[in-house]
Amino acid sequence: MPASVITPPGLTLHDGVREACDRVIQLLLLNLQKLVYNRGAPSLADSPPRPVPFLDALRAHVRELCVETLRLERKRFLWQHQLLGLLAVYSAPHCATDALFFLLTLARTQEELALATQLYAVLSSCLLDLLPATVKTCVCQIHAG
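First residue of the sequence shown: 1, per UniProt numbering; consecutive thereafter.
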């Protein structure tokens, strides 16, 4: 197992610790999901939707999150992919197209490329015109060099 921030080289985590961490991450993702999907679209009479500071801060790191997700490490890529989807919905439309762009252009294998199609399947149900916007982003990046 590679060393991480949590464990120095050579040490392994007890399975119970790993499972507890997985549960904590799932609970955090569930809370984020509630915050993102319960925001709704504001009308003129409503106050603006409540910000989610964690996702606001994560916006600037879409590329890094995509790179980490594409590493396909253990269970980590599953929650990273879910987090990427929540961030894309929260910060739509630009973040959604950027996330798909990075997953499409950085993928090197079919398994990695499948992450882009899975993300599109999740996002297309709640974001209109996502595919044309993503293609436009890709073409603009190609022309930019």
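Glycine included, every Cβ here is placed at the ideal spot set by N, Cα and C.
| said: Between the segment 58-73 and the segment 22-34, can you find at least three pairs of beta-carbon atoms closer than 8 Å? | reply: By the Cβ criterion, the segment 22-34 is not in contact with the segment 58-73, since fewer than three pairs of Cβ atoms, one from each stretch, lie closer than 8 Å.
| task | Would you mind reading off the limits of the alpha helix (DSSP H) that contains N31? | result | Stepping through the sequence shown from its first residue, residue 31 is reached at position 31. It spans 15-37 - the alpha helix (DSSP H) in which N31 sits, taken as one unbroken run.
| request: Along the alpha helix (DSSP H) that carries H143, what are the first and last residues, could you check? | output: On the sequence shown, position 143 is the one that residue 143 refers to. Residues 130-144.
| query | Does DSSP classify K70 as helix, strand or coil? | reply | Here residue 70 is taken as the residue at index 70 of the sequence shown, counted from 1. Looking at the sequence shown, residue 70 is not Lys but Leu. Three-state result, L70: helix.
| query | Under a three-way DSSP split, which group does T105 fall into? | reply | Position 105 of the sequence shown, counted from the start, is the residue given in the question as residue 105. T105 falls in the helix class under three-state DSSP.
| field | Inter-residue Cα distance where the pair is T105 and V36 | value | As a position in the sequence shown, residue 105 is number 105, starting the count at 1. As a position in the sequence shown, residue 36 is number 36, starting the count at 1. Distance between the alpha carbons of T105 and V36: 27 Å.
| request: Go through its chain and collect everything with a Cβ distance to H81's Cβ below 8 Å, but skip five positions before and after it. | output: For the purposes of this step, residue 81 is taken as the residue at position 81 of the sequence shown. Closer than 8 Å at Cβ, skipping near neighbours: T69, L115, Q118, L119.
| message | Using the three-state DSSP reduction, which class does A3 fall into: helix, strand or coil? | response | Taking the first residue of the sequence shown as position 1, residue 3 is located at position 3. Below a pLDDT of 50, predicted positions are generally treated as unreliable, and A3, at 48, falls in that range; the measurement from the model is reported next regardless. Of the three classes helix, strand and coil, the one that applies to A3 here is coil, per DSSP.
| task | Compare the C-alpha of N38 against each of L11, C126, P93, D98 and name the closest. | result | As a position in the sequence shown, residue 38 is number 38, starting the count at 1. It is C126 whose Cα lies nearest to the Cα of N38.
| task | Would you kindly check if the distance between the Cβ of A88 and the Cβ of A96 is under 7 Å? | result | Residue mapping note: residue 96 aligns to position 96 of the sequence shown, counting from 1. Residue mapping note: residue 88 aligns to position 88 of the sequence shown, counting from 1. Yes, the Cβ-Cβ distance between A96 and A88 is below 7 Å.
| message | For V17 and L11, I'd like the C-alpha separation in whole angstroms. | response | Against the sequence shown, residue 17 aligns to sequence position 17. Against the sequence shown, residue 11 aligns to sequence position 11. If I take the Cα positions, the gap works out to 13 Å.
| query | Between which two residues does the alpha helix (DSSP H) carrying A116 extend? | reply | Numbered from its first residue, the sequence shown carries residue 116 at position 116. 110-123 is the span of the alpha helix (DSSP H), which, as asked, contains A116.
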